[in-house]
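A.B. asks:
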Amino acid sequence: ISRINELSTAIAGAVEQQGAATAEIARNIEEATTGTREVTNNIANLAQSATETGEMAQQVFLSANSLLDESAKLENEVQTFLDQVRRA
Numbered sequence: 070i071s072r073i074n075e076l077s078t079a080i081a082g083a084v085e086q087q088g089a090a091t092a093e094i095a096r097n098i099e100e101a102t103t104g105t106r107e108v109t110n111n112i113a114n115l116a117q118s119a120t121e122t123g124e125m126a127q128q129v130f131l132s133a134n135s136l137l138d139e140s141a142k143l144e145n146e147v148q149t150f151l152d153q154v155r156r157a
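Each residue of the sequence shown is one higher than the one before, counting from 70 in the working numbering.
#1: Let's see if you can read the secondary structure: which residues bound the alpha helix (DSSP H) around A157?
#2: To the nearest angstrom, report how far apart E146 and S140 are at their CA atoms.
#3: Would you report the Cα separation of T78 and R72, rounded to the nearest angstrom?
#4: Using only the alpha-carbon positions, how far apart do E144 and L136 sit?
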């Protein structure tokens, strides 16, 4: 009976240790899941920011081209005006 008590105590201790280890594993999995979610959200935010930056860069490019066109038109108008002044 003494031996059975020892074995029962040892088994109970092992079960308790296994339960504690399982709980620790569950906590680690939960922390990993939370971390993964945060990384996923950060990547999504980064992708959104990259998209917005690309759109803004496109707008700047279009504005620069428009300014270039307007500058060329203004240069032509100034040249025409100067030609008219010289002829007068």
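Note that beta-carbon positions come from the ideal geometry of N, C-alpha and C, so glycine has one too. Please read these numbers as outputs of a predicted model, since none were measured by experiment.
C.D. replies: Here's the rundown:
#1: If you number the sequence shown from 1, residue 157 lands on position 88. Counting along the chain, A157 falls outside any alpha helix (DSSP H), and DSSP gives it neither H nor E.
#2: For the purposes of this step, residue 146 is taken as residue 77 along the sequence shown, with counting starting at 1. For the purposes of this step, residue 140 is taken as residue 71 along the sequence shown, with counting starting at 1. Whole-angstrom Cα-Cα distance: 10 Å.
#3: Taking the first residue of the sequence shown as position 1, residue 78 is located at position 9. Taking the first residue of the sequence shown as position 1, residue 72 is located at position 3. When rounded, the distance between both Cα atoms is 10 Å.
#4: Sequence index remark: in the sequence shown, residue 144 carries index 75 (1-based). Sequence index remark: in the sequence shown, residue 136 carries index 67 (1-based). One C-alpha to the other measures close to 12 Å.
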